[in-house]
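Colleague: Going by my numbering, the sequence shown opens with residue 31, and the numbers climb by one from there.
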Amino acid sequence: MDRHGGRKGGEKGGEKGGGKDSGISPLSIARKLHKRQERPSFRLSREGRLFFLTKTLGELIITLLYNTVTSLHLSLWRIFMEDFQPHSDTLDRIRKSALSEFQEKGYQAASLRNIVKEAGVTTGAFYGYFKSKEELFSALVEKEYREMRDHYRKVQEDFSLLPLERQRAEMKKVSEDCLEWMLRYAFENLEIFRLILLKSDGTPYSHLVDDMVETEERSTEDFLSLSEKHGYQKPEINPLLKHSLTTGLFSSFTELIIHDIPYEEALRCLLQLQRFYTAGWRELLGEAMLPREGGDTKNAKGTKK
């Protein structure tokens, strides 16, 4: 009995023990190891955790700052562009307002504040087009000023390249054609030239008459020097007298522009003015332009004007 019982007990124990052992099979062990490999244990040090936390906060702050600045920039740009639009009439309104302000007060007394107010634009919109009051005035008159000045210079330069015989023969016609063109161009742009002649003090454009006088004096001197080389006596004329006569011609010319008279009447006055100055130059230079003794008498005919 004991022996059988012990055996049976041993068999039971073995069965139980075998059952327990069968739960820990090589396959189950392998599965557990595989799962551990799939989920590796990784722990950061204190310094590592602090580093990643700082990095994350820094990136967040930078992102917030970037978004804030971008949003502010876009808002300001929209406000600015309300006035500064390439296809709007903003520039035309500024120019029109400026022309009125300069005509009324002149360049020096004109106020940018009034110009901007009358144009109905912001100061920011104004500075989107012009840097200063001087630049604004230049934008109004530069084209016409240069056209007038450069045309007169070109006529004088072309004339100086002609042979002396042609200069003497064509002088009167060249002078008449040039002055008539200048008068016509001035009347075609009357507001601008009245601005130049009457309201430009304090700007480089106030010297239009001085510039033309200087060009004319240089041209006259070149003509007299060329005549002397061809055997004519060079007249001794006081430089101040020559300057006064030339300045008088161009000052009289500008009077025809700044006064309210019709173009046809201004043209008649211009032709009479030119005849007056031509006669004066002939009287002044007539005897002095005779050829020197032994000089080139072949071309010793004609006078300066």
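Every residue gets a Cβ at the ideal spot worked out from N, C-alpha and C, and that includes glycine.
This structure is a prediction, so every number in the text was calculated from the model and none was measured.
Thr233: beta carbon under 6 Å from a heavy atom of the ligand SAH?
Modeller: Judged by which ligands are present, the structure shown has none, so any question about the ligand SAH falls away.
Colleague: Under three-state DSSP, which class holds Asp51?
Modeller: Taking the sequence shown and counting its residues from 1, one reaches residue 51 at position 21. Its pLDDT being 49, under 50, Asp51 is placed unreliably in this model, and the coordinates cannot settle the point.
Colleague: For Phe371, is the classification buried or exposed, using 16 other Cβ atoms within 10 angstroms of its Cβ as the cut-off for buried?
Modeller: Residue 371 lies beyond the stretch modelled for the chain, which goes from 31 to 335, so this question has no answer here.
Colleague: Please report the distance separating the alpha-carbon of Val243 from that of Thr277.
Modeller: Position 213 of the sequence shown, counted from the first residue, corresponds to residue 243. Position 247 of the sequence shown, counted from the first residue, corresponds to residue 277. Going by the C-alpha atoms only, they are around 6 Å apart.
Colleague: Please go through the region 199-233 and give each complete alpha helix (DSSP H) segment of 4 or more residues, from N-terminal end onward.
Modeller: 220-229
Colleague: Just verifying my parser: in three-state terms, what is the DSSP assignment at Glu112?
Modeller: Start at 1 with the first residue of the sequence shown, and residue 112 comes out as number 82. Confidence at Glu112 is low in this model, with a pLDDT of 48, below 50, so the placement of that residue is unreliable and no value is reported for it.
Colleague: Once you ignore the five residues that flank Phe253 on each side, which residues in its own chain have a CB closer than 6 Å to its CB?
Modeller: Stepping through the sequence shown from its first residue, residue 253 is reached at position 223. Result list for Phe253: empty, nothing under 6 Å.
Colleague: Any idea if Arg298 is buried or exposed, counting beta-carbon neighbours within 10 angstroms, 16 or more meaning buried?
Modeller: Here residue 298 is taken as the residue at index 268 of the sequence shown, counted from 1. Arg298 should be labelled exposed.
Colleague: By the three-class DSSP mapping on this structure, what secondary structure does Asp326 have?
Modeller: For the purposes of this step, residue 326 is identified with residue 296 of the sequence shown, where counting begins at 1. Unreliable positioning characterises Asp326 in this predicted model, as indicated by a pLDDT of 46, which lies under 50. A coordinate reading is not provided.
Colleague: Leaving out five residues on either side along the sequence, give the residues of the same chain with a beta carbon under 7 Å from the beta carbon of Val151.
Modeller: Along the sequence shown, read from residue 1 onward, the residue named residue 151 stands at position 121. Correct list, in chain order: Asp113, Thr120, Arg123, Ile124.
Colleague: What whole-angstrom Cβ distance do Thr84 and Phe167 have, given they're in contact under 8 Å?
Modeller: Indexing the sequence shown from 1 puts residue 84 at position 54. Indexing the sequence shown from 1 puts residue 167 at position 137. Contact doesn't hold; Cβ gap of about 58 Å is too wide.
Colleague: Using the three-state DSSP reduction, which class does Ala140 fall into: helix, strand or coil?
Modeller: Mapped onto the sequence shown, residue 140 falls at position 110. Correct three-state label for Ala140: coil.
Colleague: Taking Ile291 as part of the alpha helix (DSSP H), name the residues at either end of that continuous run.
Modeller: Position 261 of the sequence shown, counting from 1, holds the residue named residue 291. Unbroken run through Ile291: none, as it is neither H nor E.
Colleague: Beta-carbon separation of Pro269 and Leu315 under 7 Å?
Modeller: Translated into positions along the sequence shown, residue 269 becomes position 239. Translated into positions along the sequence shown, residue 315 becomes position 285. Contact: no.
Colleague: Tell me where the alpha helix (DSSP H) around Gly154 begins and ends.
Modeller: If you number the sequence shown from 1, residue 154 lands on position 124. That run of the alpha helix (DSSP H) goes 153-157.
Colleague: How would you write the range of the alpha helix (DSSP H) that Ser168 sits in, first residue to last?
Modeller: For this step, residue 168 is matched to residue 138 along the sequence shown. Counting along the chain, the alpha helix (DSSP H) containing Ser168 begins and ends at 163-190.
Colleague: Asp122 by DSSP, collapsed to three states: which one?
Modeller: Translated into the one-based positions of the sequence shown, residue 122 becomes position 92. Under the three-state reduction of DSSP output, Asp122 falls in the helix class.
Colleague: Please state whether the Cβ-Cβ distance between Arg224 and Ile288 is less than 7 Å.
Modeller: As a working note, residue 224 is residue 194 in the sequence shown. As a working note, residue 288 is residue 258 in the sequence shown. Cβ atoms of Arg224 and Ile288: closer than 7 Å.
Colleague: Please report the Cβ distance between Leu209 and Leu300, rounded to the nearest whole angstrom; I am assuming they are in contact, meaning their Cβ atoms lie under 8 Å.
Modeller: Translated into positions along the sequence shown, residue 209 becomes position 179. Translated into positions along the sequence shown, residue 300 becomes position 270. Indeed, because the Cβ distance is near 6 Å, the residues count as touching under 8 Å.
Colleague: Secondary structure at Pro269, three-state DSSP: helix, strand or coil?
Modeller: Counted from its first residue, the sequence shown places residue 269 at position 239. Looking at Pro269 - three-state DSSP - the assignment turns out to be helix.
Colleague: Could you give the distance in angstroms between the alpha-carbon of Glu174 and the alpha-carbon of Gln133?
Modeller: The count along the sequence shown starts at 1 and reaches residue 174 at position 144. The count along the sequence shown starts at 1 and reaches residue 133 at position 103. Distance between the alpha carbons of Glu174 and Gln133 is about 16 Å.
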